[in-house]
Amino acid sequence: MENTINGIHHITAIAGNAKKNYDFYTRVLGLRLVKKTVNFDDPGTYHLYYGDGNGTPGSILTFFPWEGITAGRRGARQVTEIGYSVPEGSLDFWLKRFEDNNVIYNKPAEKFGEQYLTFLDPDGLKFELIVPKKADNRTPWETAEVTAANATKGFHSITITSNKIEATAKILTGVLGYRLLEQHVNRYRFITDAVDNAAIVDLVEVPGEVAGHVAGGSVHHVAFRVPNEKVLMEYREKIANLGLHITDKIDRNYFYSLYFREPGGVLFEIATDNPGFAVDEPAELLGTGLKLPAQYENLRGELEKTLPSLV
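Counting in the working numbering, the sequence shown runs from 5 upward without gaps.
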């Protein structure tokens with residue numbers, strides 16, 4: 005199944021204060037800072053990547069932290085929830101950890117036969133920690149406070165809220181290779197059989213919901229995973245033939261990308277596994293240095309002075 009989408013590659017969101025973002029994701033959630041670089045379109049701003057120990061696709065959450073940005077608003081035409089997979093029996097640990105760290109959360113609930121715990125990050129980005137029906141055997145990143153018994157394994161799912169799901173569902177099934185797995189009321193669960201994890205997209209249909217506003221605490225885009233550039237460009241042709249606008253191939257240093265907006269309004273990216281995050285620093289040192297794309301290397305001295313300290 006080489007020429008197929010292999011689930012979620014990464015998710016990119018918008019934050020406010022960079023240090024607060026770094027502290028929350030590395031300390032409270034226990035993720036690894038995999039890459040510290042800059043926004044390719046705004047080099048005065050960080051682009052921070054968090055994930056597992058190797059920066060494996062399907063575990064990578066990235067942020068553009070813009071100091072002082074206004075708060076976004078969840079609504080239609082948006083990715084409204086990010087689901088992380090966690091081990092069975094870990095939700096009590098997370099409840100206590102959220103309580104101890106003043107994290108906003110809801111009591112555990114269940115959907116599609118899986119327990120989940122909802123919480124918000126410091127900017128209001130909405131997450132779910134989900135105990136999957138099928139055991140997740142991915143190796144998590146561990147810290148002194150968040151060990152493997154409780155640590156997040158990578159993505160479980162995303163939720164897209166839409167006024168009408170039909171057009172988005174056609175992209176998922178007709179282009180990206182997903183299938184409808186199950187439905188409960190107005191939530192439709194789609195899954196790809198190409199991978200075991202980071203494989204689920206939930207569509208929630210709310211006809212009267214006002215369109216959301218993408219700003220602080222919002223998902224900017226979701227990226228779907230392909231193995232290489234050959235498959236990437238096959239998808240470009242496939243999407244362009246549908247009459248949708250799709251970008252040319254873009255080199256993001258750690259993967260190659262295409263971007264298009266699906267008919268429901270959400271920005272989708274397709275990203276390659278190659279070359280990976282160890283292309284400019286060894287695996288054991290991931291996230292320790294400021295890594296700049298070649299076009300901004302001449303600004304290194306200035307950026308090292310003006311970008312906020314994360315420690």
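Glycine is no exception: its CB is placed at the ideal position from the N, C-alpha and C atoms.
- In this structure the stretch 277-291 touches the stretch 50-61; the number of beta carbon pairs closer than 8 Å is three or more.
- Counting the other Cβ atoms within 10 Å of the Cβ of ASN10 gives 16 or more, which makes it buried.
- Pairing PHE159 with ILE15 gives a Cβ-Cβ distance under 9 Å.
- The C-beta distance from ARG36 to GLY20 rounds to 22 Å, too long to meet the 8 Å contact threshold.
- If you look at ALA113, you'll find it in the beta strand (DSSP E) that goes 113-115.
- Runs of beta strand (DSSP E) with 3 or more residues, each lying fully within the stretch 169-195, are found at 183-188 and 191-195, listed in chain order.
- In the DSSP assignment, GLY48 falls within the beta strand (DSSP E) that extends over 46-55.
- For VAL235, the enclosing alpha helix (DSSP H) stretches over residues 233-244.
- Per DSSP, the beta bridge partners of SER261 are ILE254 and ALA275.
- Here GLY268 is buried, its C-beta having at least 16 other C-beta atoms within 10 Å.
- Rounded to whole angstroms, ASP125 and ALA244 show a C-alpha spacing of 36 Å.
- For ALA155, the three-state secondary structure derived from DSSP is coil.
- In the DSSP assignment, ASP206 forms a beta bridge with THR163 and ARG193.
- Between the stretch 143-153 and the stretch 181-193, the count of C-beta pairs closer than 8 Å stays below three; the two stretches do not touch.
- Taking all protein chains shown into account, GLN82 has 16 or more neighbouring C-beta atoms within 10 Å of its C-beta and is therefore buried.
- With 16 or more neighbouring CB atoms inside 10 Å of its own CB, ALA275 falls in the buried class.
- Here GLY48 is not near ALA282, since their CB atoms are 9 Å or more apart.
- Contact between GLY76 and ILE164 is absent: CB atoms are separated by about 15 Å, not below the 8 Å threshold.
- When DSSP reads this structure, GLU85 sits in a beta bridge with THR163.
- In this structure, ALA80 places its C-beta atom within 9 Å of the C-beta atom of ALA215.
- Between the alpha carbons of PRO112 and ARG304 lies a distance of about 46 Å.
- For LEU248, the secondary structure class from DSSP, reduced to helix, strand or coil, is coil.
- In the three-state reduction of the DSSP assignment, GLY76 falls in the coil class.
- Out of THR66, ASN7, ARG142 and THR156, the CA that lies nearest to the CA of LEU33 is found in THR156.
- Across the structure, TYR260 and SER313 are spaced so that their CA atoms are roughly 29 Å apart.
- DSSP places ARG101 in the uninterrupted alpha helix (DSSP H) bounded by 95-104.
- Put simply, the backbone Cα of GLU132 is about 31 Å away from that of ILE254.
- Taking C-beta atoms under 8 Å as the contact rule, TYR239 and LEU262 qualify, at a distance of about 7 Å.
- Remark: C-beta atoms of VAL90 and ILE162 do not approach each other more closely than 9 Å.
- Looking from the CA of VAL38, the closest CA among ILE108, ASP45 and TYR26 belongs to TYR26.
- Distance from the CA atom of GLU285 to the CA atom of PRO211, rounded to whole angstroms, is 47 Å.
- Around the beta-carbon of HIS13, 16 or more other beta-carbon atoms lie within 10 Å, marking it buried.
- In the DSSP secondary-structure assignment, PRO69 is bridged to ALA19.
- The shortest CA-to-CA distance from PRO69 to any of ASN302, LEU129, TYR182 and THR196 is the one to LEU129.
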